[in-house]
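The block underneath contains the structure these notes are about, expressed in structure tokens.
Chains as they are written, first to last, in the numbering used here: chain Z, 972 to 1817; chain L, 900 to 1017.
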């Protein structure tokens, strides 16, 4: 925490004027230079880092795409060997989906959201930093497999058994499984904090129905990440366990089922498409009103469409699996749901068209890309509805038609709006304007090249050309179409190079932008250009959807410190914590400063990832312990800790600091984290019941190997611990902390008892985990319970210690309530596990 | 009925997600229920659509439709009694409940025409 040696009064701040205030805020929020730049947690810097890194991976993925098109340009080509071709196609899809699309959009959201909702940073800045480092390290590890010629080669969806050790004995699949899981930590981190930030840190007065539409889109995207990514994380863990240890989750002979992988993958994979589309649509919904010069038509319709899309997209996953042998009735359910999702998309398209129709659109550079998006995405959406029809789906399954559809949806639905958004917000990043002429060249080359590549690819697919083939014979009727596709893809690349050149050159040669150059309405344009580390000198009250249109003087008054929280003398990084529905101020959120812990934790996790790849399991274990220590040390510097907020003093009339209440954002962050955890747990239960019901060689023993008495005793210990914790939290709500430390130690001890008994049950079960999927999946379930129980015990122990240090107590009662959520979750999931693994098999039998 | 609707606080934004959550639960129930029924008691193919499985899936769907339709109506009526934020919440919720209702109707239609487990 930075201490500023001036009188700690708001009056003092105002007397010294906005320049002094700016200087003081810069002292608290400003970024360090040199090696210490690695400690930066600020959302502006990290958002930029995400986007720059994403663009680097985009270039890598683009080069891989060019290699693919070069190989397919002519029949009977031997430009690449089949092995390398498989690696290149797999990595193209993987890099574009996992290392470009999602991190890039998350980076944009990380950069933009606080500025749009009138906050100074995201609510968990160290989590942003951890997310970035995990993304960077995971991306480097995964990309390095290309250099080693060991890249994954089973397709970006890694279908089993092709990706299993029998058919992919090298390290390629391991690189994918471990690297992607590592990167997903990043996605989940961003997902959690974006949700909490949008719900709890909007500026005063910004009620839910006044929130910018972009924030609605990002809220939906972030929640979808939180719920949608865990199934793939579970699938990756199971497949890696199968490959590394031989647990037969996806092997029919061992009682597994390869189709389980497809379910887990597409439970993630289909929402993923909408996770990518929604923020891009958010950009479109932001830009169209600005360039049409009028508010969006049907704000409520758009909100409803966003919510519908985010839900329905979870009910479509089986349309990727129509050819695996699912009963017709089940296929019809998914076919219908797949058509339903076109409705909210159509609502948005009509809203955009109506806004343009009723406004006076100005065809500036960003709007060109929006128009390109509308044309391409609508076409992609229509072929999507075609693919929802089961007979047509069967006909074109695994052909280039699907590849073309996918690129129409993803490039049209994500890349075009992204470039529109980058051009639109470029003045905010740099304070300069892009070149219209270079930008237009870039657009037209990209647009024409894209359609030349992928419109033609629809025909190649309809003529029967399968996807992922390394080469084809001449005379199949595909030659000319492939040649045109390949030539067009190079035109598209030239267009993208122009865009990137324009963006790079504008930092040096772009005309200086005037303030709010597009006459936009939203709050991010109240920032200085480029923005300061703290965004706003003072935080305004916002009760309109178009603050800058309704009060054009707002940026000046904000910069002059005429609104709230224009205080810096306390040395804390502060912003409002507001009510999620009404936007009324509840508390002052104080944020942590720059920190090495996220980088250190990510480095330790990288060691774990590399150790698992190289099968150095003892080193991996050490890495896990070290990472856990770093993360726990990070959690130590919270609340009343000297590096956080030891002094709870606030200006007269201001609400208390969040760490002095029972309702801080950490509580929300834990809830959202547990939502992700719950999604993982439900995916696990799905796997258990799926194999039990469907797997042809499933072997359930006559008697359950798990001791019901042992599990019951463990559950009782866990429940008792949770009950004591609830009692202590109830006391803290009444500002009573007698016996808090002792209580926490008792809870920790009960956690240890639960872990010990569960471990005994596990060891005494003598599970044959490499022989049957039944035993293997039980092991995973019990490990889940052990890890959760162990972490619960450690967290309770730390709380006891923190009470001793004076960081937690009646004066700072917040943290035990957060730990109580974890314990509550543990109790529920543990008893469900007992029911599913130990009771139901006894009741129903095999 | 009116009392129940009042207790549900239909102007709360939680209703933005309840309808679609119910849709998801219905969807998982019919998909999962169909899969389990086919694994445990598959009906004879010659029965066509006149099977216990179809009948049960239809009953579940009708119950879901009834609940969602009632909530649509409740939110629609509630919106008329409020202004500002609460009106916005109730109207958007009504729209979402309506979509969920029609979503069940549309996705359940195959139950009337396609035999199970084939």
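For each residue, glycine too, the CB sits at the ideal point set by N, CA and C.
These figures come from a predicted structure and were not determined experimentally.
query                                                                                                                               : result
Through-space distance from residue 1699 of chain Z to residue 1690 of chain Z, alpha-carbon basis                                  : 14 Å
Per-residue burial, residue 1331 of chain Z [other beta carbons within 10 Å of its own, 16 or more giving buried]                   : exposed
Interface flag, residue 1705 of chain Z vs chain L, CB-CB below 8 Å                                                                 : no
Neighbouring residues, chain L, relative to residue 1578 of chain Z (Cβ below 7 Å)                                                  : By Cβ distance, chain L contributes nothing, its closest Cβ being about 39 Å from residue 1578 of chain Z, past 7 Å.
Bridge partner(s) assigned by DSSP for residue 1561 of chain Z                                                                      : Z/1545
For residue 1392 of chain Z and residue 1002 of chain L, the rounded distance between their alpha carbons                           : 33 Å
Interface partners of residue 937 of chain L on chain Z, CB under 7 Å                                                               : 1298
Whether residue 1320 of chain Z touches residue 1390 of chain Z by CB criterion (8 Å)                                               : no
Three or more C-beta pairs below 8 Å linking the segment 1277-1286 of chain Z and the segment 1103-1113 of chain Z                  : no
Integer-rounded CB distance, given that residue 985 of chain L should sit under 8 Å from residue 903 of chain L                     : In fact, because the Cβ distance is near 19 Å, the residues do not count as touching under 8 Å.
Test: residue 1303 of chain Z CB closer than 8 Å to a CB of chain L                                                                 : yes
Contact with chain L by residue 1179 of chain Z, beta-carbon distance below 8 Å                                                     : yes
Contact under 8 Å by Cβ, residue 1784 of chain Z with residue 1703 of chain Z                                                       : yes
Runs of alpha helix (DSSP H) wholly within the segment 1224-1292 of chain Z (minimum 4 residues, chain order)                       : 1229-1263, 1270-1283
Rounded C-alpha distance that separates residue 1549 of chain Z from residue 1629 of chain Z                                        : 11 Å
Contained beta strand (DSSP E) runs [length at least 3] in the segment 986-1013 of chain L, N- to C-terminal order                  : none
Cβ contact (3+ pairs, closer than 8 Å) linking the segment 1197-1205 of chain Z and the segment 1630-1641 of chain Z                : no
Nearest-angstrom Cα separation, counted from residue 1779 of chain Z out to residue 1223 of chain Z                                 : 53 Å
Contiguous alpha helix (DSSP H) assignments of at least 4 residues, all confined to the segment 1750-1802 of chain Z                : none
Cutoff 8 Å: residue 1013 of chain L Cβ touching any chain Z Cβ                                                                      : yes
Under the three-state DSSP convention, the category residue 1125 of chain Z falls into                                              : coil
Test: residue 1814 of chain Z CB closer than 8 Å to a CB of chain L                                                                 : no
Chain Z residues whose Cβ lies nearer than 7 Å to that of residue 974 of chain L                                                    : Ordered by position in chain Z, no residue passes the 7 Å Cβ test against residue 974 of chain L, which lies about 12 Å from the chain.
Candidates Z/1111, Z/1409, Z/1220: closest to residue 1136 of chain Z by CA position                                                : Z/1220
Proximity test, Cβ basis, 8 Å: residue 929 of chain L and chain Z                                                                   : yes
Validate contact between the segment 1654-1670 of chain Z and the segment 1222-1237 of chain Z using beta carbons, cut 8 Å, 3 pairs : yes
Residue 957 of chain L versus residue 925 of chain L - alpha carbon distance                                                        : 11 Å
Contact belief for residue 1494 of chain Z with residue 1087 of chain Z at Cβ below 8 Å, rounded distance in angstroms              : 6 Å
Residue environment, residue 930 of chain L, which counts as buried when at least 16 other CB atoms sit within 10 Å                 : buried
Pairwise C-alpha distance: residue 1176 of chain Z and residue 982 of chain Z                                                       : Because the pLDDT of residue 982 of chain Z is 45, which lies under 50, any placement of that residue in the model is unreliable, and the question is left without a value.
Beta carbon of residue 1658 of chain Z nearer than 8 Å to that of residue 1231 of chain Z                                           : yes
According to DSSP, residues forming a beta bridge with residue 1403 of chain Z                                                      : Z/1483
Extent of the continuous alpha helix (DSSP H) run through residue 1658 of chain Z                                                   : 1636-1665
Rounded distance between the beta-carbons of residue 1018 of chain Z and residue 1089 of chain Z, thought under 8 Å                 : The Cβ separation is near 16 Å, so there is no contact.
Inter-residue spacing [alpha-carbon to alpha-carbon] between residue 1173 of chain Z and residue 1085 of chain Z                    : 8 Å
Per-residue burial, residue 1367 of chain Z [other beta carbons within 10 Å of its own, 16 or more giving buried]                   : buried
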